[in-house]
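Student:
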Amino acid sequence: MILLGLILLLLLAGIAAWLSEAVHAQAPKWIAAISLCLAWIPFIPVMLSQEHDQQNHAQWLLDERHAWIPRFHISAHLAVDGLSLLLVLLTLAMGLVAVLSAWKEIQKQPGFFYFNILWTLAGVIGVFCALDLFLFFVCWEVMLVPMYLLIAIWGYENRRYAALKFFLFTQGGGLLILISIIALVLLHYQDSGQLSFDYLDLLNHHLSERITFWIMLGFLIGFAVKLPSLPFHNWLPDAHTQAPTAASVILAAVLLKTGGYGFLRFVIPLFPEAVQTIAPYVMSIAALSVIYGALMAFSQQDLKRVVAYSSVSHMGFVLLGCFALTAQAWQGAVMQMLAHGISTSALFALVGAIQFRYHTRDLNQLGGLWQALPKLSAVGLFFVIASLGMPGLGNFVAEFLVLAGSFRTAPWLTALAASGLILAAIYALMIAQKTLFGALRLPVATDFDRRETAMMLSMVLLLIVMGLHPQPLLNLAQQTLDHFPMGVHP
Amino acid sequence: MSAVPDCYLPSILITGSALLIMLLIAFERNHQRISRITSLGLSFALIAQYTQTGQPPYHTELLLFDGVTMLSHLLLILVAWLLSFFLYHWLQCLDDAKEEYYLLLLLTTQGALVVSASQHFAVFFLGLELMSLSLVPMIAYQTVNNQALEAGIKYLVLSALASAFMLLAIAILYLESGTLSIPDLVIKAPNLLDNHNFIHDCAIILLLVGVAFKLSLVPCHLWVADVFEGAPVPTTALLATLSKASLFVVLLRLYRFGEWYTQTQLVTMIAVIAAASMLIGNLLALLQKNLLRLIAYSSIAHFGYILLAILALQPASALTNITTLASEAATMYLFAYLLTVTGIFLILMLLAGTTQIEQLTGLFWQQRSLAIPLILLLLSLAGIPLTIGFIGKFYLTLAAVNAQLWWLLATLIIGSVLGLFYYLRIILLMIDQPAEETNIFVTSSALPTLTQLSVLGIVIVLVIYIGVYPSILSGLIQEMLNLAVNQ
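Here the protein sequences come in this chain order: A and B. Just remember that my numbering sits 13 ahead of the position in the first sequence, which is counted from 1. Just remember that my numbering sits 912 ahead of the position in the second sequence, which is counted from 1.
(1) Name the chain B residues that come within less than 7 Å of A/Glu154, Cβ to Cβ?
(2) Taking 7 Å as the limit between beta carbons, can you name the residues of its chain near B/Ser1356, skipping five residues before and five after?
(3) Identify the continuous beta strand (DSSP E) that holds A/Val93 and give its terminal residues.
(4) Enumerated in chain order, which unbroken segments of the alpha helix (DSSP H) with a length of 4 residues or greater are wholly contained in the region 1198 to 1240 of chain B?
(5) With DSSP run on the structure shown, which of helix, strand or coil describes B/His971?
(6) Using the Cβ count rule (16 or more neighbours within 10 Å means buried), how would you classify A/Asp375?
(7) I need the DSSP call for B/Thr1355, collapsed to helix, strand or coil.
(8) Going by Cα to Cα distance, which pick from A/Ala340, A/Ala176, A/Arg454 is closest to A/Val158?
(9) Helix, strand or coil for A/Gln344? Go by DSSP, reduced to three states.
(10) Using a Cβ cut-off of 8 Å, which residues of the region 1224 to 1238 of chain B contact any Cβ in chain A, in chain order?
(11) Which residues of the region 1312 to 1338 of chain B have a Cβ closer than 8 Å to any Cβ of chain A? Give them in chain order.
(12) Ignore the nearest five residues each way along the sequence and tell me which others in B/Ile1343's own chain have a CB closer than 7 Å to its CB.
(13) Which one or two residues does DSSP pair with B/Ser1093 in a beta bridge?
(14) With a threshold of 7 Å on Cβ separation, who are the neighbours of A/Leu189 within its own chain once the five nearest residues in sequence on each side are excluded?
(15) For my contact list, A/Leu316 and A/Gln384 are in at a C-beta cut-off of 8 Å; report their separation, rounded to the angstrom.
(16) Report the CB separation of B/Pro1095 from B/Gln1031 in whole angstroms; it is logged as a contact under 8 Å.
(17) CB B/Gly1379 to CB B/Gly1327, shorter than 9 Å?
(18) Assuming A/Ile298 and A/Ile138 make a contact with CB atoms under 8 Å, what is their CB distance in whole Å?
(19) Identify whether A/Glu34 lies in helix, strand or coil by the three-state DSSP scheme.
(20) Check whether chain A comes within 9 Å of B/Pro1382, counting only Cβ atoms and requiring the distance to be less than that.
(21) Quick one: is A/Asn129 buried, meaning 16 or more other Cβ sit within 10 Å of its Cβ, or exposed?
(22) Going by DSSP in three states, A/Ala256 sits in which element: helix, strand or coil?
(23) Going along chain B, which residues have a C-beta under 9 Å from A/Gly185?
(24) How do the region 236 to 245 of chain A and the region 269 to 277 of chain A stand: do at least 3 beta-carbon pairs fall below 8 Å, yes or no?
(25) Throw me the rounded Cβ distance for the B/Gln961 and B/Ile989 pair, which I believe falls under 8 Å.
(26) Does A/Trp81 come within less than 9 Å of chain B when only Cβ atoms are used?
(27) Taking 9 Å as the CB-CB limit, is B/Leu1340 close to chain A?
(28) Compute the distance between the beta-carbons of A/Val262 and A/Ser432, then report whether it is under 9 Å.
(29) Taking beta-carbon pairs under 7 Å, can you tell me which members of the region 430 to 448 of chain A lie near chain B?
(30) DSSP state of A/Asp145, grouped into three classes?
(31) Identify whether A/Arg84 lies in helix, strand or coil by the three-state DSSP scheme.
(32) Looking at the C-beta of B/Gly1064, does it have a partner C-beta in chain A at a distance below 9 Å?
(33) Closest to B/Tyr1173 by C-alpha separation, out of B/Ala1143, B/Arg1165, B/Leu1225, B/Ala1187, would be which residue?
(34) Could you compute how far the alpha carbon of B/Ile949 sits from the alpha carbon of B/Ile933?
(35) Using DSSP's beta-bridge definition, name the partner residues of A/Glu77.
(36) With 9 Å as the threshold, decide whether the Cβ of A/Gln120 is near any Cβ in chain B.
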C-alpha cells in the first residue's frame, strides 16, 4: 500500500491544491511543497535498511500488488529496487525544486498550476515504480497531459506550438510502446498459455522469434523519443524553451530520465539478444547525439535553448552507457541521469531566475551579471562548470564511468563521444562569459533571496557529494544491475 | 409458449411510449408532459434492458438476442435516454411544433434496436428504413432553416440510394442462395464463397457500399460533414451514435456469420476502407474550423479504427486462441466512442450556437463546469489513459496485434497522432486567455439546469470511472460474449 499510497497522496494533494486556490492564493504552493516533503517518509526506512544491510540480495525493496483488471490479468504491481529508488528520490527532490522555483513566478491560476505539477510527478513516480506493463503505459501517458497543460498555459511566447509538438512526439512514441507491449504479452501467452502483463513473468520468458527484434525496436524508439536521442530530439528545444521554469525543471530532471529508465528496466533485460544486434548502431547514434547536441548548444542565442541542447548532448551519454552493455557503463548511465537531473534543473532554475528579473533570455542582451547579482552568478558559474564535467562533481564521475565502460566495447565511438566533453567546455564557458562576465548592460536587480539560496546551495551540495563519494549511489544502482540476465563484466 | 420472452420488453416499452405520445399529440399538445413520458419510457426500457444482462441468448428466425445484441441495445438505449433529457430546452426555443420530435426520437431508437438485433435481411431492411426515414424529418426539423433543409434532402436522397444498393444486394443474395437469413447464407450456399461467382461478389460489394454509406466510411463519406453541419445538434448526435452503431453491429454479424474473413479479396477491400477512413478522416479534420464538421470527420476516422476489430475476427492468423477478443474489442470501442461522443453533443447543446471552434476560446476560464468535461471528453476521443477512450483503444490494439494486422496498426498510429493534433488544438483554444471578456457562451436564459448538469455528470463519471477501473465493463462484456459462444 506504500507506493500506491504515495502516488495517491500526490494525486489527492493536486486536487486539494486546486481547490484551495479559492480559499487563499498562497495555499496551493504550500500544499504542493508539504505533500512533496511528506512523500519522502516511506523511503526513509528503506534507505536506512539499505545502509546497514549490504548483503541483502533481494532485488525488490518494496513490492506490492493490487487487483485491477482481472479480464487481462492486469494488476497494479508496484515495486522499487535500487534503480527505481534513486530515480524516485530524484523526482521528489527535483519536484520540490520545481515548486520552489515557481514560488514567486506563477501568479496566474496558481491552483491549477500546482495541480498539474503534482499530477505530472505522480505519473513519473508511477512510471518508475510500475512493474505491470499496462500500468507502466498508463503512467507514461498520465505524466504527459499535465505537462502539456503546464507548457500550453504558463509557457512563454510560442507556447502553443511547443506544447503541441511535445505531446505529438511523445504520444507517437507512446503508441509504439503500447503496440510493443501488447505484442510481447501475446507472444508470451502463445508460448506459455498464461496471459500476463507482469514484468517479472515476461522477464523469465525467453523470446527467440524474429519478431522480437521488431518489438524491441518499438520500445527502443518510444524511449529514444523521450530521452531524446538524435533523430527524435526535435521537440525538446522548443518544449524546454517555452515551458515555465518549474516545468522545464521537471522536464529536464525527471521526464527525460524515464527514457533512460525504460532502456535499463525494459529494453535491455527483456531482449538481451536483440539488443546485442542493434547495440553498435545505437551507440553510433548516441555518439552523434553527444556531438550534435554540443554543436547546436554552441550556436544558440537563447539561454534556455543552449541548456536544452546541452541536455541532448548529455543524454547521449546515457544512451551510450546503456547500450555499451557493460556494468561500468550502466553505472555511468545511472549516475549521468542523476547528475544531469540535478545540474540541468539547476541551470533551468537559474535561467528562470534571470528571466524573472530581466524578462529576457537573449545571450546578446545579458552580460556582466556578476556585478549586479553576485550570489546568482557564483551559483551559476558552479553549475556551468559542473555541466562541462569538472572532476570532483557528479557529472564527471558519470561521464568517466560511461566512457570507461564503453571503451571496452567500442573504442572508436567512445573516442568520438569523448570529444563531446571538449565541445561541452566550449558552450559552457560561452554561457559563463556572455552572461556573467563583461560589462553590465542591465539594471541592478535583487539578488537571490533566502528561498532561492537554500534551494541552490542544496543542489550544489548534492553534486559535490555525488562527485566525492558516489559509492552509496553506485551500490544502489548495482543492486539492480546484479539482476540483469546477461553476463555482467565486472 | 404464450409468454413473450423478456428480451422484447425494452422494445415494447419504447414502441408503447411512441404510441402513447402519438395519441396524446392528437388530443392535446403539452410539451412538458410528452418530454417526461419520453424520458420515463426510455428509463424503463434502460432498466428492462439492464436486467437482461446475463440472460442466455435467444433467437427467432428474424431476430437474434446474443451478447453483442444485448450490449449494443443497452448502449443504444443509454444514448437515447441521455439525449432525451436535453431535448426540452432546445425544443422550447423553437417556433415549430415540438412534440413530434420525441416521437421521431423513439422511432429512431426502435429502428436502431431492430437493426442491431436482426439476423434476417427482411427485418434488417425494415429496421433500417424505420431509422432512416425517422432521421430525415429530424434533420430538417427547423423548416425555416435552409441549411437544415438542404441537409435533410441530401440525407434523404443519398440514404435512399444506399438503401437501393442494399436492396439490390439482398435480392441477388436471395437469388443465389434462396434465403434471407444471414446465418443460413453460408449453410445454404457454401460453394458461393469458394469459387468466385461474379454476381455474388457484386452483391457483397453493393451491401458493403450501403453499410459504408451509413457508417460514413471512405469513399462513401462525402455526405457526413454537410449533414452534421446542417442538422440540429440533437439529430446530429443521433446520426453519429444510434444510426452508426446499429449498422456496425450488423456489419460485425455479416462478417462473422457470412464468413467474410475467408475471402481474401473482401478482407483486403475492408482493410483498404479502414486505412483510408483513418487517414482521410483525420486529415480532413486536421485544419477544420467548424466544430460539427470536425466531429463528423473524426467520426469517419473512429469508424475506421473500429473496423480493425472486425478485421481482427480472423481465426487463421491469430497469435493466440482468445476467440472472443475481437468482438470484445468492437463492443468496448463502441461503448467508449458512443459514450464520449454523446457527452460532447450534450455539451454542444448547452453551448447553443457554438459552431466554430474559435468560439470556444477561453471557455476554460469562464465556464469551468462545461470546459473541464469537454476537455476530458476530447482526451477520451484521443484515447488518453484514465478515460474510457483509452480502454477502447487498448482493446482495439490488443485485438489487432492478436490478428497481426501490422500495416493497419501503423496507420492507426499515424491516424491517432493526427487525431491528437486537432483535439489538442481545441483544448489549446479553450485554455487560451481571450483578449477581451466579451465572449459569452451561454445566454443567461439558457443556463444549464440541474437535470442537464447531472445527466452530463453521469456521462463524465462513466467515462472516467470505466477509464480508471475498467473491470466492471470488461467483465460484463466478457461474460456476455462468452455466453454466446458457449451456446
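C-beta atoms are modelled at their ideal positions from N, C-alpha and C, and glycine is treated no differently.
Tutor: So, to answer that:
(1) Ile1296, Pro1297
(2) The pLDDT assigned to B/Ser1356 is 40, lower than 50, so where the model puts this residue is not dependable; a value taken from the coordinates is nonetheless given after this. Hits under 7 Å: none found.
(3) 87 to 93
(4) 1203 to 1223
(5) strand
(6) exposed
(7) Interpretation of B/Thr1355 is limited by its pLDDT of 46, a score under 50 that renders its predicted location unreliable; the figure taken from the coordinates is listed afterwards. Coil at B/Thr1355, not helix or strand.
(8) A/Ala176
(9) helix
(10) Leu1231, Thr1232, Ile1234
(11) Val1313, Asn1314, Leu1321, Leu1324, Ile1325, Ser1328, Val1329, Leu1332, Phe1333, Leu1336, Arg1337
(12) Phe1276
(13) B/His1032
(14) Gly231, Ile234, Gly235
(15) Rounded, the Cβ-Cβ distance is 18 Å, inconsistent with contact.
(16) 6 Å
(17) no
(18) Incorrect: roughly 29 Å between the Cβ atoms, too far for contact.
(19) coil
(20) yes
(21) buried
(22) coil
(23) Ile1325, Ile1326, Ser1328, Val1329, Leu1332
(24) yes
(25) 5 Å
(26) yes
(27) yes
(28) no
(29) none
(30) strand
(31) helix
(32) no
(33) B/Leu1225
(34) 8 Å
(35) A/Leu91
(36) no
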